[in-house]
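Top line first, the protein sequences correspond to chains F and E. Quick note: the first sequence uses the working numbering, first residue 1, plus one each step. Quick note: the second sequence uses the working numbering, first residue 517, plus one each step. Using N, Cα and C, we set each Cβ at its ideal position, and we do this for glycine too.
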Amino acid sequence: MLFSGRRRKLAVNAQTEIYGQPLQFYGQPPLENISLSEFETFAVDRLKLLKTVETLGVSYVKASEQYSFKLMNESKSLNFPYRPEAGSMDDRKPQPGPTEYDKRRKDHISHFILRLAYCQTEDLRRWFIQQEVDLFRHRFSELHPKQKLEFLHRNNLQYDTISVEEKKALQDKLISSSAGISGITVEDQDFYKVPFQDALDVVRMRKVYLKAGYVYIPHQDIVTIVLNDFRTRLSKALALTARSLPAVHSDERLQPLLNHLSHAYVGQDYSIQKNVGKISLEQIDSLSAKSFPLCMRQLHQALRENHHLRHGGRMQYGLFLKGIGLSLEQALQFWRSEFIRGKVDADKFDKAYAYSVRHMFGKEGKRTDYTPFSCMKVILSNPPSQGDHHGCPFRHSDPELLKQKLQFYKVSPSGIHQILELVKGMHYQLACQKYFELTHNVEDATFSLNHPNQYFTESQKLLGTGRDMKRETDGAQRSQENASTKGSSTAREAAAKPPQQIAEMTEELDSFFQDA
Amino acid sequence: MPCSDYDPASLPDLLPLYYRRLFPFSQYYRWLSYGGVQKNYFQNREFSFTLKDDIYVRYQSFSTQSELEKEMQKMNPYKIDIGAIYSHRPNQHNTVKSGTFQALEKELVFDIDMTDYDDVRSCCSAADICLRCWTLMTIAIRILDRALRDDFGFQHLLWVYSGRRGVHCWVCDEAARKLSSAARSAVAEYLSLVKGGEETVKKVVLTDPIHPFIKESLAVVEKYFPQYALKDQDILGRKESVDKVLALVKELQQAFQKDKIPESRWEHVLDQALDKQGTTKKGQHFEKEIMLQYCYPRLDVNVSKGVNHLLKSPFSVHPKTGRISVPIDLKELETFDPFAVPTISLICEELDRPKPGEEQSEDTNKNEDEKDAAEKRKVRDYKRTSLAKYIKHFDQFLDTMARSWKGELLKKSDLQKDF
């Protein structure tokens, strides 16, 4: 008795200390008891926050003013900490709503809940780490210089600085390596010398000076090294969490919830094929002009012209086709008939390419049933290089070529202008949505585009073609739309409900996440 | 020299001879065991073989050099690929719980393929190469070799001719072998300047300030550009290629119409660039951007990224050309001629040419231990062929690397003595 009492007291003390800081490394898990409904609200809210982080990261330059502003607003509305200056907990003026302590507590607990949900597979871990790292970057950059130093001290983060002489010797290189550094700023600030493996982000972007395996990071960019530390720790922690997961899963109250949470990040993945075989190969040409998003139309055209697509294109287009309902047999026939018109004979196709088609359908290798790529994946991963036609036309084309292409597809000059403006602002998905509206003659599309296959189903729905296919997917869509209109409120209501309704709640959550 | 003519149909007959008498197994084993610093380094390495009729066998692994030898002599692979060092023996990967069988380490590798330059070379396309476009590979090696050594601090770089249309680089430093795939992709991206696919015209965009790495790379390109691009490829002479350049600098349409001589057209480009540097901020580096777009190495980033990605092994035969995938000595890079690389038919024939004095020494060694004799005979065998100088270079590479293993091993044994 006495023992447990003492422990709790200690825990509370430790927490008070953690929550005294505007930012933490999440080194200590929370030790208090919380109610199931709080568990759920926290988790759902953090997930929303991380989704926002992801979306903003695509639409804006990270750490730009707008990006920070929007992220701050989202944090605020979800009751997460957003103002580092609200530092001390003995806030003089009592404010309405949750206190800074509450917010930090929520931040802490919700982070650890999502660790449980997102430690299970490589994919989930990668997504979670990426968003958490971005969130951390945002928060760290919002700190005052003094707070940053304090944070470094508190977490024992010490990095080697270079001597004045070395700095002088390297001055030219240091200046030409980093934007926003001049002779004076070089003299003024410390430069840290760390192995390049510890600052991959800046190496990748060629933002720092690199010599003999070491990068030289100015103090103003120290966030890079801190982030790397954060990422490494989080990644290790997730691996550890994954090991202890069986214990958590035996708790039947938590298990369904965690599963739902982890399924949420992808949104609908379009891997469930309700309409297999509803499309004939002859239809593809006309469908590609009417209902394919630009990326797929481009791939289709390139395939018809060259009778070949390179690996990246085959993956992106092949999985899309699978998603709109091509069966494995159709897919094989489709690719074979096109390839053998080019340099590949039937024999070579069967040896070199058929495998990868079957692989896509989960019939070879590790037998994963691959899901069609989302817009985010198309935009962010594996950019096209020489000879490639894949990628997102709004992201990976020269504006001039994009313009020509749109003209060729008979998009009006004003429409083209609007699209190019969106592209300039890096709103690629919005640009694609605009293209949808223009080519389908609708004022305002009622969905928010995040998947090429979503584009296709929405288009088919609008055009009212492929009757039987429509019936199949209609139901799903309607529920999705409903969820999108009342999505956020649903989840919040759900969270407030007493725990006996948890089963219904997860159902509602399900529909919310389909849209999220 | 009709004897060097290679006929793909003869490959099945030549391979057994090549693997029995010429393939440098002992060097190969020495390389891949890295001095035995880490246990099971060779044993857990994946090899994969491409056999006759494109049959592909993955996850081969061998516990000793002689096992590797025997298996290769039995299977006679058309092509050999090297993969990662795994947590378990790759040939037993089905027996361990799924998820625990993981690729742990591999050399950091780069693959540069001439097909990726098709939009900027006019002499050949696709798999074809000639001595004119081969300069692109020379430039690529110069730029990457410098950056990997000076910027990243790697020392043990093995450059290998792929046997057909490109080159590979194996970075063998311990630190490189241990890189995560995130780190590999960061390195590859640091080294990539040419971006964009078929939908991009302008593939190199420079911003101020120009990073030291780009400056160094430019210095290399500038050395080759006049001869290679202006003369050999004639990018400012032939109509189609001029149009491509004009797509990058539209302003010069008129100037180019007046002036037809490539060299002076290039002067126009430089003048224009100088002009702009005085006035606007944007696009002020376009002469550099053009040079880079035409000459800068184009990496296949996906090959470098994955720890488990397979890459064609050195000393493997290229089934289409018959050429051996040989290490390139950078001291002789400027004169390296891919067409002078020996084919399997050439070296097999060289083997059959009797050499004076050979018969005799065979007799004197009669008493020696069987295995020793076989080993010695093999050494003598490859020394009689044009493969000799490439193997010698490989030996030197291994010797340099061995010095660093010795350091490692010493450190290790010192540590043990402490306890």
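*Reducing DSSP to helix, strand and coil, say where phenylalanine 565(E) ends up.*
Within the second sequence, numbered from 1, the residue matching residue 565(E) stands at position 49. Phenylalanine 565(E): strand per DSSP, three-state reduction.
*In three-state terms, what does DSSP make of aspartate 629(E)?*
Within the second sequence, residue 629(E) is the residue found at index 113, counting from 1. Strand.
*asked:* Quick check: the Cα distance between arginine 253(F) and leucine 116(F), rounded to an integer number of angstroms?
replied: Within the first sequence, the letter at position 253 stands for residue 253(F). Within the first sequence, the letter at position 116 stands for residue 116(F). One C-alpha to the other measures close to 14 angstroms.
*Would leucine 135(F) pass as a contact of leucine 50(F) if the rule is Cβ separation under 9 angstroms?*
Position 135 of the first sequence, counting from 1, holds the residue named residue 135(F). Position 50 of the first sequence, counting from 1, holds the residue named residue 50(F). Contact flag set, yes.
*How about leucine 303(F): is its C-beta nearer than 9 angstroms to some C-beta of chain E?*
Position 303 of the first sequence, counted from the first residue, corresponds to residue 303(F). No, because no Cβ of chain E sits closer than 9 angstroms to the Cβ of leucine 303(F).
*N-terminal and C-terminal residue of the beta strand (DSSP E) that tyrosine 214(F) is part of*: The count along the first sequence starts at 1 and reaches residue 214(F) at position 214. Unbroken beta strand (DSSP E) run through tyrosine 214(F): 214-218.
*Three-state secondary structure assigned by DSSP to arginine 680(E)*: Your numbering for residue 680(E) matches position 164 in the second sequence. Coil at arginine 680(E), not helix or strand.
*So, is the C-beta of glutamate 400(F) closer than 9 angstroms to a C-beta in chain E?*
On the first sequence, residue 400(F) is found 400 positions in, with the first residue counted as 1. So, interface residue.
_Separation of methionine 588(E) from phenylalanine 558(E), as counted between CA atoms_ = Counting from 1 along the second sequence, the entry for residue 558(E) is found at position 42. Counting from 1 along the second sequence, the entry for residue 588(E) is found at position 72. Cα to Cα, the separation comes out at about 16 angstroms.
*Quick one: is methionine 205(F) buried, meaning 16 or more other Cβ sit within 10 Å of its Cβ, or exposed?*
On the first sequence, position 205 is the one that residue 205(F) refers to. With fewer than 16 other Cβ atoms within 10 Å, it is exposed.
*asked:* Here's a check: name, in chain order, each residue in its chain whose Cβ is nearer than 6 angstroms to the Cβ of glycine 682(E), leaving out the five neighbours to either side.
replied: Indexing the second sequence from 1 puts residue 682(E) at position 166. Around glycine 682(E): Ile628, Asp629 and Met630.
_Straight-line gap, arginine 154(F) to glutamine 197(F) (C-alpha atoms, nearest Å)_ = Walking along the first sequence from the start, residue 154(F) turns up at place 154. Walking along the first sequence from the start, residue 197(F) turns up at place 197. Using only the alpha carbons, I get a separation of about 24 angstroms.
*Measuring only between beta-carbons, confirm whether tyrosine 270(F) sits less than 9 angstroms from chain E.*
Taking the first sequence and counting its residues from 1, one reaches residue 270(F) at position 270. Closer than 9 angstroms: no.
*Tell me, please, whether the CB atom of methionine 296(F) is closer than 9 angstroms to any CB atom in chain E?*
Your numbering for residue 296(F) matches position 296 in the first sequence. Cβ-Cβ to chain E under 9 angstroms: no for methionine 296(F).
*Along chain F, in chain order, which residues have C-beta atoms closer than 9 angstroms to that of threonine 716(E)?*
Working through the second sequence from its first residue, we reach residue 716(E) at position 200. Those are Pro384, His396, Ser397, Asp398 and Leu401, listed as they occur along chain F.
_Please tell me whether serine 902(E) and isoleucine 863(E) are closer than 9 angstroms, where the distance is taken between their beta carbons._
If you number the second sequence from 1, residue 902(E) lands on position 386. If you number the second sequence from 1, residue 863(E) lands on position 347. The answer is yes: Cβ separation under 9 angstroms.
*Per DSSP, which one or two residues make a beta bridge with alanine 619(E)?*
Taking the second sequence and counting its residues from 1, the one referred to as residue 619(E) is at position 103. Answer is Tyr602(E).
_tyrosine 898(E) and valine 842(E) closer than 9 angstroms at C-beta_ = By one-based count along the second sequence, residue 898(E) stands at place 382. By one-based count along the second sequence, residue 842(E) stands at place 326. Going by C-beta atoms, tyrosine 898(E) is not nearer than 9 angstroms to valine 842(E).
*Tell me the start and end of each unbroken beta strand (DSSP E) in the region 566-600 of chain E that is at least 3 residues and wholly inside, in chain order.*
571-576
_With a threshold of 9 angstroms between beta carbons, is tyrosine 706(E) in contact with chain F?_
The residue labelled residue 706(E) in the question sits at position 190 within the second sequence. With 9 angstroms as the cut-off, tyrosine 706(E) counts as an interface residue toward chain F.
*Cα separation between leucine 463(F) and glutamine 386(F)?*
The sequence position of residue 463(F) within the first sequence is 463, counting from 1. The sequence position of residue 386(F) within the first sequence is 386, counting from 1. So the alpha carbons of these two residues sit roughly 36 angstroms apart.
*Determine the contact status of leucine 23(F) and phenylalanine 140(F), defining contact as a CB-CB distance below 9 angstroms.*
By 1-based counting over the first sequence, the position of residue 23(F) is 23. By 1-based counting over the first sequence, the position of residue 140(F) is 140. Yes, the pair counts as a contact, with Cβ atoms nearer than the cut-off.
*Pick from Ala904(E), Thr654(E), Pro606(E) and Ser733(E): whose alpha carbon is nearest that of glutamate 805(E)?*
Counted from its first residue, the second sequence places residue 805(E) at position 289. Looking at the Cα atoms, Ser733(E) is the closest of the given residues.
_Using a 10 Å radius around the Cβ and a threshold of 16 neighbouring Cβ atoms, would you call threonine 837(E) buried or exposed?_
Sequence index remark: in the second sequence, residue 837(E) carries index 321 (1-based). Looking at its Cβ environment, which holds 16 or more other Cβ atoms inside 10 Å, threonine 837(E) is buried.
_First through last residue of the beta strand (DSSP E) which encompasses tyrosine 192(F)_ = On the first sequence, residue 192(F) is found 192 positions in, with the first residue counted as 1. Counting along the chain, the beta strand (DSSP E) containing tyrosine 192(F) begins and ends at 191-195.
*If the cut is a Cβ gap below 9 angstroms, which residues of chain F does phenylalanine 802(E) touch?*
Reading the second sequence from its first residue, position 286 is the one you call residue 802(E). The premise fails here: phenylalanine 802(E) is roughly 15 angstroms from chain F at the closest Cβ pair, so nothing lies under 9 angstroms.
*Taking a cut of 7 angstroms between CB atoms, which residues from the region 198-221 of chain F lie near chain E?*
Leu200, Val203, Arg204, Arg206, Tyr209, Leu210, Lys211, Ala212 and Gly213
*For glutamine 581(E), the nearest candidate out of Arg648(E), Ala692(E) and Ser542(E) (CA to CA)*: On the second sequence, residue 581(E) is found 65 positions in, with the first residue counted as 1. The candidate whose alpha carbon is nearest that of glutamine 581(E) is Ser542(E).
_Let me make sure I understand the geometry here. Which of Met653(E), Leu707(E) and Asp570(E) has the alpha-carbon closest to that of lysine 821(E)?_
Translated into the one-based positions of the second sequence, residue 821(E) becomes position 305. Answer by Cα proximity: Leu707(E).
*asked:* How far does the beta strand (DSSP E) with lysine 211(F) in it extend, from its first residue to its last?
replied: Residue numbering aside, residue 211(F) sits at position 211 when the first sequence is read from its first letter. Lysine 211(F) -> beta strand (DSSP E) spans 209-211.
*Could you tell me the distance, in whole angstroms, from the CA atom of glycine 679(E) to the CA atom of proline 854(E)?*
Taking the second sequence and counting its residues from 1, one reaches residue 679(E) at position 163. Taking the second sequence and counting its residues from 1, one reaches residue 854(E) at position 338. Cα to Cα, the separation comes out at about 8 angstroms.
*Shorter than 9 angstroms from the beta carbon of histidine 909(E) to some beta carbon of chain F?*
Translated into positions along the second sequence, residue 909(E) becomes position 393. No, no contact with chain F.
*Tell me lysine 828(E)'s beta-bridge partners as DSSP assigns them.*
For the purposes of this step, residue 828(E) is taken as the residue at position 312 of the second sequence. Paired residues: Asp597(E).
*Confirm, please, whether the CB-CB distance from tyrosine 270(F) to methionine 296(F) is below 9 angstroms.*
Here residue 296(F) is taken as the residue at index 296 of the first sequence, counted from 1. Here residue 270(F) is taken as the residue at index 270 of the first sequence, counted from 1. No, Cβ-Cβ distance for methionine 296(F) and tyrosine 270(F) is not below 9 angstroms.
_Residue of Arg537(E), Glu924(E), Ser579(E) and Ala525(E) minimising C-alpha distance to alanine 889(E)_ = Walking along the second sequence from the start, residue 889(E) turns up at place 373. Per the Cα distances, Arg537(E).
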